[in-house]
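Residue numbers (the working numbering), protein chains in the order written: chain H, 302 to 501; chain Y, 302 to 501.
C-beta atoms are modelled at their ideal positions from N, C-alpha and C, and glycine is treated no differently.
Down below is the structure, laid out as structure tokens.
There are 2 protein chains.
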Amino acid sequence: MEYTDVVRRRRMVRNYEAGRAVDRATLDGLLELAIRAPSAGFSQGWHFLVLDEPAAISRFWEATTDPDESPDSWLRGLQSAPSLILAMSDKQAYLDRYAQDDKGWTDRDEVHWPIPYWDVDTGMASMLILLGAVDAGLACCFFGVPAEGHDGVHKAFDIPDELRIVGVISLGYPAPDRRSPSLRRGRRQLADVVSYQRYS
Amino acid sequence: MEYTDVVRRRRMVRNYEAGRAVDRATLDGLLELAIRAPSAGFSQGWHFLVLDEPAAISRFWEATTDPDESPDSWLRGLQSAPSLILAMSDKQAYLDRYAQDDKGWTDRDEVHWPIPYWDVDTGMASMLILLGAVDAGLACCFFGVPAEGHDGVHKAFDIPDELRIVGVISLGYPAPDRRSPSLRRGRRQLADVVSYQRYS
Numbered sequence: 302m303e304y305t306d307v308v309r310r311r312r313m314v315r316n317y318e319a320g321r322a323v324d325r326a327t328l329d330g331l332l333e334l335a336i337r338a339p340s341a342g343f344s345q346g347w348h349f350l351v352l353d354e355p356a357a358i359s360r361f362w363e364a365t366t367d368p369d370e371s372p373d374s375w376l377r378g379l380q381s382a383p384s385l386i387l388a389m390s391d392k393q394a395y396l397d398r399y400a401q402d403d404k405g406w407t408d409r410d411e412v413h414w415p416i417p418y419w420d421v422d423t424g425m426a427s428m429l430i431l432l433g434a435v436d437a438g439l440a441c442c443f444f445g446v447p448a449e450g451h452d453g454v455h456k457a458f459d460i461p462d463e464l465r466i467v468g469v470i471s472l473g474y475p476a477p478d479r480r481s482p483s484l485r486r487g488r489r490q491l492a493d494v495v496s497y498q499r500y501s
Numbered sequence: 302m303e304y305t306d307v308v309r310r311r312r313m314v315r316n317y318e319a320g321r322a323v324d325r326a327t328l329d330g331l332l333e334l335a336i337r338a339p340s341a342g343f344s345q346g347w348h349f350l351v352l353d354e355p356a357a358i359s360r361f362w363e364a365t366t367d368p369d370e371s372p373d374s375w376l377r378g379l380q381s382a383p384s385l386i387l388a389m390s391d392k393q394a395y396l397d398r399y400a401q402d403d404k405g406w407t408d409r410d411e412v413h414w415p416i417p418y419w420d421v422d423t424g425m426a427s428m429l430i431l432l433g434a435v436d437a438g439l440a441c442c443f444f445g446v447p448a449e450g451h452d453g454v455h456k457a458f459d460i461p462d463e464l465r466i467v468g469v470i471s472l473g474y475p476a477p478d479r480r481s482p483s484l485r486r487g488r489r490q491l492a493d494v495v496s497y498q499r500y501s
């Protein structure tokens, strides 16, 4: 599909066709796009954990939701996704990369990093997956793990402490869903968010 | 151009055709793509400052480089870009958005935000510009402002304190350039950065 069409068609979908899995070749194709994201110093400090078996998917939702609360329709929809990709960033890979001779920040001090490029670059990689999903005829959503859920997910999947879960991409074939109420806020237009030569 | 071709062709280019500007319609087209990036709660906490006049471009480089050091070939190449887009994030817009009734984090406490989605979302918006540049036949590079340069850039362009410069996108028509030495590190392959069902 034409790039600009992919961008215009992309939206967050929170309901997926029951019983229709995403095959492994399609998932690998999306991940092949992800690893072409740029990264500071070509650090590539990221890891993608794919969950596409029902037991693993259940383990994820158990670690991130309260069993005493019945899921709302939004969560039930997300839980119908047959595949999840956890996009994780590895800060240490960046600090180590920039301690090498050609960069020279051997103190590994985070003061050099006013912007956490490990998270930004992993976000860019996630964007490539989200667009790739549209291009492949899939539906997807990108969402964060609640602050109190990170430890549980790390434990449930043996994720090393140094990896941070930047976001989760749910993937499946689209089923009817309702628009996010947040969209009622309206899109900010260029005149609201762009200025030329000087901030205004 | 097909989406997957755009992703495969994208690379950081650090040298631009002399005297060939990027017209305003093309820049606006790229920004129209950027504002279609997803954002947590549809917060859209971002701002894009476009510099496409020589005086503004010079002001940027004066604020971010040491006048006593002569620029290396990499920096001279970047400085040939006729357009720069400063992609900035606005954390306060997210804290305010999530203090609204439907979210309810009225304490505006950053403990709710283990991941700085203001920076991640602005990174995603930047990714859409980088891909759009390739689609439009332009060359581009994404780079960070050095830690010690942020204050100077804020002053030079009247940027409010609450905005953070996530990155700068240089844009122009491609001129011959040399590959970044960082690429010699090699791309990490799927087997290195992907695991299934459980981290490994």
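Leu-352 of chain Y has Y:Leu-385 as its beta-bridge partners, per DSSP. Among the residues facing chain Y, Ile-336 of chain H is included, as its CB has a counterpart in that chain under 8 Å away. The beta carbon of Val-307 of chain Y is closer than 7 Å to those of Leu-432, Val-435, Asp-436 in its chain, skipping five residues each way along the sequence. Look at the segment 309 to 343 of chain Y: the residues with a C-beta under 8 Å from a C-beta of chain H are Arg-309, Arg-311, Met-313, Asp-329, Leu-332, Glu-333, Leu-334, Ile-336, Arg-337, Ala-338, Pro-339, Ala-341, Gly-342, Phe-343.
Runs of the alpha helix (DSSP H) lying entirely within the segment 434 to 458 of chain H, each at least 4 residues long, are 451 to 457 in chain order. For Tyr-395 of chain Y, no chain H residue has a Cβ inside 7 Å of its Cβ, as the nearest lies near 11 Å away. For the options Y:Cys-442, Y:Gln-401, Y:Glu-449, Y:Leu-439, the alpha carbon positioned closest to that of Trp-414 of chain H is the one of Y:Glu-449. Around Ser-340 of chain Y, the same chain offers Asp-422 as residues with beta carbons nearer than 6 Å, after the five sequence neighbours per side are excluded. Among the residues of chain H, those whose CB is under 8 Å from the CB of Leu-491 of chain Y are Asp-329, Leu-332, Glu-333, Ile-336, following chain order. Contact check for Phe-349 of chain Y against Leu-385 of chain Y fails: the beta carbons are separated by 8 Å or more. By the criterion of a C-beta distance shorter than 6 Å, Arg-321 of chain Y is surrounded in its chain by Tyr-474, once the five residues flanking it on both sides are discounted.
Relative to the Cα of Leu-484 of chain H, the nearest Cα in the group Y:Asp-403, Y:Arg-480, Y:Arg-309, Y:Asp-373 belongs to Y:Asp-403. Separation of Ala-326 of chain Y and Asp-493 of chain H (C-alpha to C-alpha, rounded to the nearest whole angstrom) is 17 Å.
Annotation: Arg-360 of chain H to Asp-478 of chain Y spans about 49 Å, alpha carbon to alpha carbon. Of the other Cβ atoms in all chains shown, 16 or more fall within 10 Å of the Cβ of Ser-427 of chain Y; this residue is therefore buried. With contact defined as three or more Cβ pairs closer than 8 Å, the segment 365 to 375 of chain Y and the segment 328 to 344 of chain Y are not in contact.
Under a 10 Å Cβ-count criterion, Asp-410 of chain Y is classified as exposed, with fewer than 16 other Cβ atoms of the shown protein chains found around its own Cβ. CA-CA distance, Asp-459 of chain H to Ser-501 of chain Y, rounds to 8 Å.
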